[in-house]
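Please read the structure below before turning to the comments.
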Amino acid sequence: MGDSAIGVVGGGIVGASVAYHLSERTDDPVIVYERGDLVSATTFRATAMIGVAGPDPYHRMKEYGFRLYNDFFADPEAEPRYRQSGRLRVSTTERGARELETLASVASDRSGTEPPRSASAAKYANSPVDYVPGGKLRDRFVLPPLRTELVEGALYRPQYGYVQDDSRTLGPRELAMEFVERARANGADFETNTAVTDIAVEGDAVRRIELDGGETVPVGSVVCAAGPWNAEVAALAGLDLPVEHVPSPVFALKLADPLPYSLPMIKSHDSSVGIHPKRDDTVLVTYTPGEDEREGRLDPSAVGDTAPDEYRTTAIRWAERLLPVLEDAELVDEWVGVGTNTPDGKPIAGWTGVDGLVLAATRAGIQYAPAVGDIVARQLVDGDPTEYYDAVSVSRFDGYEDGRTTDSAE
Ligand SMILES: Cc1cc2nc3c(=O)[nH]c(=O)nc-3n(C[C@H](O)[C@H](O)[C@H](O)COP(=O)(O)OP(=O)(O)OC[C@H]3O[C@@H](n4cnc5c(N)ncnc54)[C@H](O)[C@@H]3O)c2cc1C
């Protein structure tokens with residue numbers, strides 16, 4: 000260990016991807032410090048849909064992820080699974096149906112002359128979408144359990160699917176372990192049950208990290224890949240990150256009889272409820288708190304694994320209303336993951352104003368982790384800002400600088 004060592008804080012999918020990409024580019028020591036078990040926090044709790052939609056250049060970041068995941072699935076070291084499902088956003092109101100129809104027409108405008116007019120339309124850019132009137136759903140899909148008579152209109156996105164595994168949460172743990180196994184094979188180390196408790200900065204540069212137990216390790220760089228804990232880790236080096244938190248509950252419903260067909264992911268446009276048929280016998284129901292229900296910055300460690308009663312009631316009521324087969328299902332598990340939100344909802348990756356302190360903070364991390372890892376590795380090892388620099392640098396937010404802005408100021 001020494002000044003060239005790179006310490007990565009956090010052993011979720013983002014930290015594992017950072018370690019993998021670093022280990023592909025450098026022989027310098029790369030050590031991931033994870034205070035619990037690997038892939039046991041947000042990544043473990045994710046429903047883990049992946050799809051390439053979105054505005055430039057973020058959809059290209061997601062495409063990079065798809066290409067890498069194709070390689071992983073072609074020759075897996077762990078046991079990841081993928082299920083192509085498509086995604087159906089349904090509305091039971093006429094107004095909602097009109098909104099979905101408008102979104103589809105804006106997103107389908109391939110003329111290139113008109114950028115998406117709103118953030119919601121931008122989400123649908125660069126990916127096929129199809130508006131389907133409620134009365135046509137049964138003409139086009141096998142959807143026996145969906146109460147199509149309630150649906151006024153729907154938006155279908157075919158290029159969507161789930162990453163899954165056999166763990167309790169049917170999540171993307173094994174996909175994250177692909178990064179871990181490949182990074183290990185390249186020489187990266189993963190130290191579990193080891194928390195980073197301090198980051199020493201001297202003369203504006205990161206010098207050492209301190210571990211619980213009191214050990215001090217000299218490092219040249221530290222990558223914050225601590226998911227919802229990134230704000231507190233960056234604060235150890237004196238940086239206040241512009242992030243907020245969204246606690247997102249998941250309810251696991253076991254069907255009385257497995258479905259003999261697969262269903263798309265169904266999102267209610269009229270509520271914040273998502274229905275994820277993760278397995279033929281298990282449906283995960285999610286509830287995403289709206290803007291007015293969010294509390295901004297939280298202590299992620301204080302968020303328990305039981306959702307507020309009103310979230311559970313709303314989620315299950317909507318799910319049963321749309322899919323009555325769920326009325327006979329048993330609620331077998333529930334958990335809460337803490338999402339990370341940046342001011343523009345996009346990843347923050349790369350250099351900061353503190354020399355050697357590097358960020359890898361993102362929502363939708365199953366989709367963005369590959370590209371974030373690649374960007375961090377290219378900046379740290381090659382000094383290459385990458386084509387994504389303006390889109391992901393923390394310096395795009397007022398009051399923040401990074402390696403480039405600090406250099407040019409000198
Ligand atoms: C319900 C839910 C559904 C989701 N669905 C999707 C989806 O469909 N598609 C998608 O792309 N994304 C989805 N996400 C988001 C995705 O799960 C996250 O963006 C991603 O898992 C974040 O990964 P991470 O590695 O940054 O964080 P984490 O997985 O939380 O890993 C961070 C790690 O850092 C460790 N750590 C923290 N502090 C320290 C310290 N001081 N020292 C050492 N270790 C530390 C923690 O123990 C933790 O293991 C979902 C999230 C939730 C909650």
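With numbering that gives the first Met the number 0, the residue at position 353 of the sequence shown is 352, and numbering never jumps.
Heads up, the beta-carbon is just placed ideally off N, CA and C, and yes, glycines get one too.
For clarity, every value in this text was computed on a predicted model and none was experimentally measured.
Proximity test, residue i beta-carbon vs ligand 1 heavy atom, cut-off 8 Å
| i | result |
| --- | --- |
| Thr361 | yes |
| Tyr411 | Here the chain has residues from 0 to 409 only, and residue 411 is not among them. |
| Asn229 | yes |
| Met176 | no |
| Arg59 | no |
| Tyr367 | yes |
| Ala251 | no |
| Ser392 | no |
| Thr41 | yes |
| Val8 | yes |
| Ser220 | no |
| Ser247 | yes |
| Ile49 | yes |
| Arg44 | yes |
| Val205 | no |
| Ile265 | no |
| Val38 | yes |
| Ala236 | no |
| Val195 | yes |
| Val353 | no |
| Gly226 | yes |
Cut-off 6 Å between Cβ atoms - residues of its own chain near residue i, not counting five sequence neighbours on either side
| i | result |
| --- | --- |
| Gly402 | Trp350 |
| Asp373 | His20 |
| Ala359 | Val13, Val17, Val222, Ala224, Ala348, Val371, Val375 |
| Pro276 | Leu262, Val282 |
| Pro54 | Ala121, Ala124 |
Beta-carbon spacing of residue i, residue j below 9 Å
| i | j | result |
| --- | --- | --- |
| Met60 | Pro346 | yes |
| Arg139 | Arg377 | no |
| Gly85 | Tyr130 | no |
| Val13 | Thr42 | yes |
| Arg181 | Ser39 | no |
| Gly186 | Asp26 | yes |
| Ala77 | Glu177 | yes |
| His244 | Val331 | no |
| Asp269 | Thr92 | yes |
| Ala255 | Glu319 | no |
| Arg172 | Phe250 | no |
| Val272 | Thr313 | yes |
| Pro369 | Gly64 | yes |
| Ala15 | Ala204 | no |
| Ala96 | Gly35 | no |
| Val179 | Ala236 | no |
Contacts around residue i, its chain only, beta-carbon distance under 7 Å, and the 5 residues preceding and following it disregarded
| i | result |
| --- | --- |
| Arg316 | none |
| Thr196 | Glu209, Leu210, Asp211 |
| Ser407 | Caution applies to Ser407, whose pLDDT of 48 falls short of 50 and renders its modelled position unreliable; the model cannot decide the point. |
| Tyr260 | Val141 |
| Gly10 | Val31, Glu33, Leu37, Val38, Phe189, Thr191 |
| Arg278 | Leu169 |
| Asp397 | none |
| Glu409 | For Glu409, the predicted structure reports a pLDDT of 39, less than 50, and the residue's modelled location is therefore unreliable. A value from the coordinates is still provided. Within the same chain, Glu409 has no close Cβ partners at all. |
| Ala52 | His58, Lys122, Tyr123, Ala124, Asn125, Ser126, Arg156 |
Inter-residue CB distance, residue i and residue j (contact presumed, cutoff 8 Å)
| i | j | result |
| --- | --- | --- |
| Arg82 | Thr168 | Not a contact, Cβ separation roughly 15 Å. |
| Trp227 | Ala306 | First, the residue type needs correcting, since residue 227 is Pro and not Trp in the sequence shown. With 8 Å as the limit, Pro227 and Ala306 do not qualify as a contact, their Cβ atoms being about 16 Å apart. |
| Val8 | Ala224 | 6 Å |
| Ala153 | Leu87 | 5 Å |
| Glu386 | Pro56 | 7 Å |
| Glu148 | Ser90 | In fact, because the Cβ distance is near 14 Å, the residues do not count as touching under 8 Å. |
| Glu290 | Gly352 | That belief does not hold up - the Cβ atoms of Glu290 and Gly352 are roughly 30 Å apart, past 8 Å. |
| Asp304 | Val335 | 6 Å |
| Leu322 | Leu145 | 6 Å |
| Pro257 | Val337 | Not quite, the Cβ-Cβ distance comes to about 31 Å (not below 8 Å), so this is no contact. |
| Pro217 | Thr341 | Contact doesn't hold; Cβ gap of about 31 Å is too wide. |
Spatial neighbours of residue i in its chain, beta-carbon cut-off 8 Å, leaving aside the 5 residues before and after
| i | result |
| --- | --- |
| Ser104 | Tyr130 |
| Asp389 | Arg395 |
| Leu238 | Thr351, Gly352, Val353, Leu356 |
| Ser3 | Asp27, Pro28, Gly219 |
| Tyr161 | Thr46, Ala47, Met48, Ile49, Tyr81, Arg82, Ser84, Met264, His275, Lys277 |
| Lys266 | Arg86, Leu87, Arg88, Val89, Val272, Gly273, Ile274 |
| Asp164 | Glu78, Pro79, Arg80, Gly170, Pro171, Arg172, Glu173, Leu174 |
Contact with chain C by residue i, beta-carbon distance below 9 Å
| i | result |
| --- | --- |
| Leu145 | The chain labelled as chain C is not found in the depicted structure, where only one protein chain is given. |
Unbroken stretches of the beta strand (DSSP E), 3 residues or longer, contained in the stretch 310 to 368: 329 to 340, 347 to 350, 356 to 360
Which whole runs of the alpha helix (DSSP H) in the stretch 103 to 175 are 4 residues long or more, in chain order? 118 to 121, 136 to 139
Please list the segments of the beta strand (DSSP E) lying wholly inside the stretch 27 to 71, counting only runs of 3 or more residues, in order along the chain. 29 to 32, 48 to 50
Fully enclosed by the stretch 272 to 317, which beta strand (DSSP E) runs are 3 residues long or longer? 272 to 278, 281 to 286
Unbroken beta strand (DSSP E) runs of length 3 or more, entirely within the stretch 169 to 215: which are they? 188 to 190, 195 to 201, 204 to 210
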